[in-house]
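Colleague: First residue of the sequence shown: 1, per UniProt numbering; consecutive thereafter.
To start, I am sharing the structure in question, which I have written as structure tokens.
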Amino acid sequence: MDIDPKKLKVLLTEEQILAKAKELGKQITEYYKNIKEEIVAVCALKGSVHFFSDLVKNIDHDMTYHFVRVSSYHGGTESSGKITVNSWVKENLENKHILLIEDIVDTGNTIRFLIDEFKKQKPASIKLTSLLIKNAHDHGIHVDFPGFEIDNYFVIGYGLDYDEKYRNLPFIGYVE
Ligand code: 5GP
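Next comes the structure, spelled out in structure tokens:
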């Protein structure tokens with residue numbers, strides 16, 4: 001399935017996203033400044049890949065990189081509701097400081113699932129940042145370092161897909 005390029009509108013430009021990554025990086029650096037252990041930075045694939053990469057460069061703290069992949073969407077714009085783990089962190093996370101880096105919080109189901117799974121590994125702390133937050137008042141998820149609150153659009157680009165395509169758009173867009 002394809003999107004009609006004439007109907008594609010820009011919601012957030014690359015410049016806006018990079019500025020936000022810089023701002024969040026400063027906040028995160030400040031938050032962890034009295035913690036001497038490294039941050040375990042977790043990228044929730046695939047959608048967070050570009051935001052993860054922009055953000056970590058702006059965090060001045062020792063860190064290690066980790067990647068998890070869970071899926072909650074079967075394709076298109078419809079959520080299947082069910083979350084499956086495709087790949088998980090192999091390292092022992094006990095007493096580690098996890099920073100979970102997400103692309104978007106929509107219903108909050110994925111984040112709730114990820115946080116519950118990480119809690120089982122007894123980390124010292126779990127903090128959450130997300131580039132985009134939809135339906136901000138419905139999901140009840142506390143995002144420690146929030147990016148942009150957006151209206152209930154289905155967005156694509158900058159890592160976010162429509163049927164696995166459009167992840168490479170250098171902006172966040174939506175179809176009118
Ligand atoms: P939630 O579980 O919070 O409803 O949704 C989280 C996941 O659903 C995101 O990580 C993302 O993969 C997908 N998702 C939610 N909203 C959108 C959207 O507007 N566009 C795209 N491309 N994916 C979305």
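We put the CB at the ideal spot given by N, CA and C, even for glycine.
Buried or exposed for glycine 157, going by 16 or more other Cβ atoms inside 10 Å?
Modeller: buried
Colleague: List the endpoints of the continuous alpha helix (DSSP H) containing valine 42.
Modeller: Bounds of any alpha helix (DSSP H) do not take in valine 42; it lies within the beta strand (DSSP E) bounded by 39-45.
Colleague: Assign isoleucine 126 to one of three DSSP states: helix, strand, or coil.
Modeller: strand
Colleague: Fully enclosed by the region 87-115, which beta strand (DSSP E) runs are 3 residues long or longer?
Modeller: 97-105
Colleague: How is glycine 25 classed by DSSP in three states: helix, strand or coil?
Modeller: helix
Colleague: Can you tell me the Cβ-Cβ gap for leucine 51 and alanine 21, rounded? I've got them flagged as a contact below 8 Å.
Modeller: The displayed chain sequence assigns phenylalanine, not leucine, to residue 51. Indeed, because the Cβ distance is near 7 Å, the residues count as touching under 8 Å.
Colleague: What residue does the beta strand (DSSP E) around leucine 55 start on, and which one ends it?
Modeller: It is not in any beta strand (DSSP E) - leucine 55 instead sits in the alpha helix (DSSP H) that spans 49-56.
Colleague: Could you check the C-alpha separation between isoleucine 39 and asparagine 95 for me, to the nearest Å?
Modeller: Answer to the nearest angstrom: the Cα atoms are 11 Å apart.
Colleague: Around the Cβ of tyrosine 65, are there at least 16 other Cβ atoms within 10 angstroms (buried) or fewer (exposed)?
Modeller: exposed
Colleague: Quickly, what does DSSP pair serine 72 with across the bridge? List them, please.
Modeller: Answer is none; serine 72 lacks a bridge partner.
Colleague: Counting C-beta neighbours from all protein chains within 10 Å, is the total for phenylalanine 154 16 or more, i.e. buried, or is it exposed?
Modeller: exposed
Colleague: So, for glutamate 14: in the same chain, excluding its five sequence neighbours on each side, which residues have a beta-carbon less than 6 Å away from its beta-carbon?
Modeller: Pro170, Phe171
Colleague: How about threonine 84: is its Cβ closer than 6 Å to a heavy atom in the ligand 5GP?
Modeller: Distances from the CB of threonine 84 to the heavy atoms of the ligand 5GP are all 6 Å or more.
Colleague: By the three-class DSSP mapping on this structure, what secondary structure does lysine 9 have?
Modeller: strand
Colleague: Let me check understanding here. Comparing Cα to Cα, which of Phe145, His137, Val85, Ile133 lies closest to isoleucine 126?
Modeller: Phe145
Colleague: Tell me which same chain residues have a C-beta within less than 8 Å of the C-beta of threonine 110, skipping the five on either side of it?
Modeller: So the qualifying residues of the chain are Ala44, Val70, Ser72, Ile83, Glu102.
Colleague: Is the distance from the Cβ of valine 175 to the Cβ of leucine 100 below 7 Å?
Modeller: no
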